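Enquirer:
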Amino acid sequence: MPTVRFTRNHVAGGTYDRISQPDKPHGWRDMNKAKRIAIFERLKEATPKPETELQYQTPFELLIAVILSAQATDVSVNLATKKLFAAANNPEALRDLGIRRLKSFIKSIGLFNTKAENILKTCQILIDEHSGLVPKDRPSLEALSGVGRKTANVILNTAFGEPTIAVDTHIFRISNRINLAPGKNVREVEDRLMRVVPNDYKQGAHHWLILHGRYVCVARKPRCGACVIEDLCEFKDKTEYE
Ligand code: SF4
Numbered sequence: 371m372p373t374v375r376f377t378r379n380h381v382a383g384g385t386y387d388r389i390s391q392p393d394k395p396h397g398w399r400d401m402n403k404a405k406r407i408a409i410f411e412r413l414k415e416a417t418p419k420p421e422t423e424l425q426y427q428t429p430f431e432l433l434i435a436v437i438l439s440a441q442a443t444d445v446s447v448n449l450a451t452k453k454l455f456a457a458a459n460n461p462e463a464l465r466d467l468g469i470r471r472l473k474s475f476i477k478s479i480g481l482f483n484t485k486a487e488n489i490l491k492t493c494q495i496l497i498d499e500h501s502g503l504v505p506k507d508r509p510s511l512e513a514l515s516g517v518g519r520k521t522a523n524v525i526l527n528t529a530f531g532e533p534t535i536a537v538d539t540h541i542f543r544i545s546n547r548i549n550l551a552p553g554k555n556v557r558e559v560e561d562r563l564m565r566v567v568p569n570d571y572k573q574g575a576h577h578w579l580i581l582h583g584r585y586v587c588v589a590r591k592p593r594c595g596a597c598v599i600e601d602l603c604e605f606k607d608k609t610e611y612e
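According to our numbering, the sequence shown is numbered sequentially starting from 371.
1) For chain D, is any of its Cβ atoms less than 8 Å away from the one on Thr-534?
2) Measure from the alpha carbon of Glu-423 to the alpha carbon of each residue in Leu-581, Arg-593, Phe-605, Ala-596, then state which is nearest.
3) Helix, strand or coil for Ser-478 per DSSP?
4) Quick check: the Cα distance between Thr-609 and Val-586, rounded to an integer number of angstroms?
5) What residue range does the alpha helix (DSSP H) around Phe-576 cover?
6) Under DSSP, the alpha helix (DSSP H) around Met-564 begins and ends at which residues?
7) Mind checking which residues open and close the alpha helix (DSSP H) that includes Asn-546?
8) Could you tell me the alpha carbon to alpha carbon distance between Gly-480 and Gln-441, rounded to whole angstroms?
9) At the level of alpha carbons, what is the spacing between Ile-541 and Ala-589?
10) In the DSSP assignment, find the unbroken alpha helix (DSSP H) run with Asn-448 in it and report its ends.
11) Ignore the nearest five residues each way along the sequence and tell me which others in Gly-595's own chain have a CB closer than 8 Å to its CB.
12) Consult DSSP for Ala-551 and reduce its assignment to one of helix, strand or coil.
13) With respect to the alpha helix (DSSP H) encompassing Thr-521, which residues constitute its N-terminal and C-terminal limits?
14) Count the C-beta pairs between the region 565-583 and the region 405-422 that are closer than 8 Å, then say yes if the count reaches three, no if not.
15) Where does Gln-391 sit, in a helix, a strand or coil, going by DSSP?
16) In chain order, what residues of the same chain have a beta carbon less than 6 Å from the beta carbon of Gln-573, not counting five sequence neighbours either side?
17) Using the Cα positions of Lys-485 and Arg-470, report the straight-line distance between them to the nearest angstrom.
18) Output needed for Thr-417: all residues of its chain with C-beta closer than 7 Å, excluding positions within five of it in sequence on either side, in chain order.
19) Using a strict less-than 6 Å threshold between each residue's beta carbon and the heavy atoms of the ligand SF4, what residues do you get?
20) Going by Cα to Cα distance, which pick from Ser-478, Met-401, Lys-414 is closest to Val-445?
21) Does the distance from the C-beta atom of Ile-535 to that of Val-436 stay below 8 Å?
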């Protein structure tokens with residue numbers, strides 16, 4: 371039997387009891403499977419068809435919106451893309467806008483200079499290497515400018531229906547806070563979620579968890595009193611806040 375030691379650790383979202391077990395990543399005590407299934411059943415019941423709050427019509431529009439959404443709100447991205455996509459919503463048209471016009475559409479969004487350059491490079495790669503279409507495989511997506519693992523996961527999941535789970539700040543916080551899939555960094559949380567989220571719920575997990583983190587299990591003061599998974603959650607410092 372491995373030696374088990376209890377320590378206290380501070381990670382995003384709160385303080386947690388930790389069990390040191392050399393045969394488990396970070397030594398966390400796993401949430402049991404029945405509870406994980408119940409959590410996703412409840413989230414699904416509350417939101418049967420979870421969707422991104424980014425507005426888009428095509429995989430290309432979603433790709434551009436997700437590139438723009440880094441460190442920006444979906445609301446600010448939607449305001450900008452409404453006008454941008456009316457002017458150009460395919461790689462050729464967007465490339466032909468040129469850097470100055472493109473920037474004029476997205477200047478209200480943080481990091482717009484870098485994002486504009488990445489978008490134009492991505493458009494050129496799509497034209498040169500993918501016949502103007504958004505590729506459906508991870509290596510090709512991650513080869514695009516401004517596209518990392520998280521963005522590729524969002525595109526694979528939301529545009530192409532793959533059971534990927536992109537870990538953003540909300541999903542990282544919730545996974546640690548409620549002991550669903552604790553990890554020290556986003557890749558650890560993603561890998562653990564892919565292992566522990568029941569297969570039937572993997573495709574929707576990304577959006578269920580994001581929406582839950584955005585509106586209920588918020589960063590500063592989670593709304594435990596209004597939470598549909600309060601009795602299942604393993605967070606130790608629940609609030610009465612509704
Ligand atoms: S009970 Fe509170 S901490 Fe747990 S998931 Fe709900 S809002 Fe988050």
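Note that CB positions come from ideal geometry on N, CA and C, so glycine has one too. Keep in mind the model is a prediction, meaning the values are calculated, not measured.
Expert: Taking the coordinates as given:
1) Of the chains in the structure shown, none is chain D; there is only one protein chain.
2) Leu-581
3) coil
4) 11 Å
5) The amino acid at residue 576 is misidentified as Phe; the sequence shows His. Per DSSP, His-576 belongs to the alpha helix (DSSP H) from 569-585.
6) 556-566
7) 539-547
8) 7 Å
9) Cα atoms of Ile-541 and Ala-589: separation of roughly 11 Å, rounded to the nearest angstrom.
10) 444-457
11) Thr-609, Glu-610, Tyr-611, Glu-612
12) coil
13) 519-524
14) yes
15) Reliability of the predicted coordinates at Gln-391 is poor, the pLDDT of 35 falling under 50, and no value is obtained from them.
16) Pro-533
17) 12 Å
18) Trp-578, Leu-581
19) Arg-547, Ile-548, Val-586, Cys-587, Pro-592, Arg-593, Cys-594, Cys-597, Ile-599, Glu-600, Cys-603, Phe-605, Lys-608
20) Ser-478
21) no
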